[in-house]
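In the working numbering, the protein residues as written are 4 to 89.
Don't be surprised by glycine CBs; every beta carbon is placed ideally from N, CA and C.
Input: a single structure, listed below in structure tokens.
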Ligand SMILES: [Zn+2]
């Protein structure tokens, strides 16, 4: 899921990663877009750029950083709901 600000994983507290794109100069030519180049990696096959819009962040699994975090949180929430009823 994409967010327009930095968020934390509800399960482990890890920060969302920047929602970046990869630009390979050898294939696409020199980058001339609006995104910020946050990393340039020089390879024998041409430079590889990491681009970012400076505002969007990405979580791998919905609101969570990993499938595992989503599972753990889901199970804990369900468990809590069962215990609350008992
Ligand atoms: Zn997590």
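DSSP beta-bridge partners for residue i?
i: residue 60; result: 6, 21
i: residue 53; result: 25, 42
i: residue 67; result: 64
Taking 7 Å as the line, does the beta carbon of residue i fall inside it for any heavy atom of ligand 1?
i: residue 17; result: yes
i: residue 70; result: no
i: residue 86; result: no
i: residue 14; result: yes
i: residue 47; result: no
i: residue 6; result: no
Given a cut-off of 8 Å on the beta-carbon distance, is the pair residue i and residue j in contact?
i: residue 8; j: residue 60; result: yes
i: residue 34; j: residue 11; result: no
i: residue 81; j: residue 73; result: no
i: residue 50; j: residue 43; result: yes
i: residue 55; j: residue 38; result: yes
i: residue 29; j: residue 48; result: yes
i: residue 4; j: residue 65; result: yes
i: residue 57; j: residue 14; result: no
Report whether the distance from the Cβ of residue i to the nearest heavy atom of ligand 2 is below 7 Å.
i: residue 81; result: Ligand 2 is not part of this structure, which contains only ligand 1.
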